[in-house]
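So the sequence lines, in the order shown, correspond to chains A and B. When we follow this note's numbering, the leftmost residue of the first sequence carries the number 4, and every step to the right adds one. When we follow this note's numbering, the leftmost residue of the second sequence carries the number 4, and every step to the right adds one. Take a look at the structure set out below.
2 protein chains.
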Amino acid sequence: MTHPALRLDDTVHQRVRLGILAVLREASRADFAYLRDALELTDGNLSRHIAVLEEAGLVEVEKAFEGKRTRTWLQATKAGRAALDAEMKAMRELMERIGGVPRLAGET
Amino acid sequence: MTHPALRLDDTVHQRVRLGILAVLREASRADFAYLRDALELTDGNLSRHIAVLEEAGLVEVEKAFEGKRTRTWLQATKAGRAALDAEMKAMRELMERIGGVPRLAGET
């Protein structure tokens, strides 16, 4: 059996992009400013990573006019949710392999 | 509370380097060829990522003479083991946050 690390895909595994997909899983959709603040990113850095995810078909971007301003909404596509699931499975397997999933603080 | 994705450190989180640290956790020490084959890397790619980990003090590299050949052994340092633990904790928290740790195939 191949090592689970081989099943990690950089498109999803990369730290910032994993954060984006995780927030979109929690929130189902989020606007640009929320993602930027939640993940402590600059506008440029977030834009760059969104472009990678959009190019790969993992997120959808929608611009909505609100009065004079434009608001950018993001949500994960079906492929994006599947890619996040695959990443979580590979990480879980990796954890199991190196001696178990660590407990969280406060767990008994 | 900050998002667990913010606690992921690229030095350890990057796919290949995470694979290296995971194999060294399983094996306690491994030689260059074993790592290269287990993670399906080229010599150049493995060397580059080992250099990053060594520079960060996370792995130790030792060259041993075996007859006419040199064999390169690697093991994680104490800091390397701690960094892998921190990565696993952050990933576990991220998983919990987005709806639980996925079960492995065959688990009930």
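Positions of the beta carbon are idealized from the N, C-alpha and C atoms, including for glycine. Treat the numbers as computed from the prediction; the structure is a model and nothing was measured.
For Ala36(B), no CB of chain A lies under 8 Å from its own CB, so it is not counted at the interface with that chain.
Near chain B, meaning a CB-to-CB distance below 9 Å, the residues of the stretch 74-100 of chain A are Leu87, Asp88, Met91, Lys92, Met94, Arg95, Glu96, Leu97, Met98, Glu99, Arg100. When C-beta distances to chain A are compared with 7 Å, every residue of the stretch 58-74 of chain B stays at or above that value. By the Cβ neighbour-count rule, Gly83(A) is buried, with 16 or more other Cβ atoms within 10 Å of its own.
By the rule that beta-carbons nearer than 8 Å mark a contact, Ala30(A) does not touch chain B.
For Leu77(A), the secondary structure class from DSSP, reduced to helix, strand or coil, is strand.
The beta-carbon separation of Thr75(B) and Phe35(B), rounded to 4 Å, stays under the 8 Å limit for a contact. In the same chain as Leu97(A), and ignoring 5 residues on each side of it, the C-beta atoms closer than 7 Å to its own belong to Pro7, Ala8, in chain order. Closer than 7 Å at the C-beta level to chain B, one finds these residues of the stretch 6-22 of chain A: His6, Ala8, Leu9, Leu11, Asp13, His16, Arg18, Leu21, Gly22.
Under the 8 Å Cβ criterion, the stretch 45-62 of chain B does not count as touching the stretch 10-27 of chain A, having fewer than three qualifying pairs.
At a beta-carbon threshold of 7 Å, none of the residues of chain B lie near Ala33(A); the nearest stands roughly 12 Å away.
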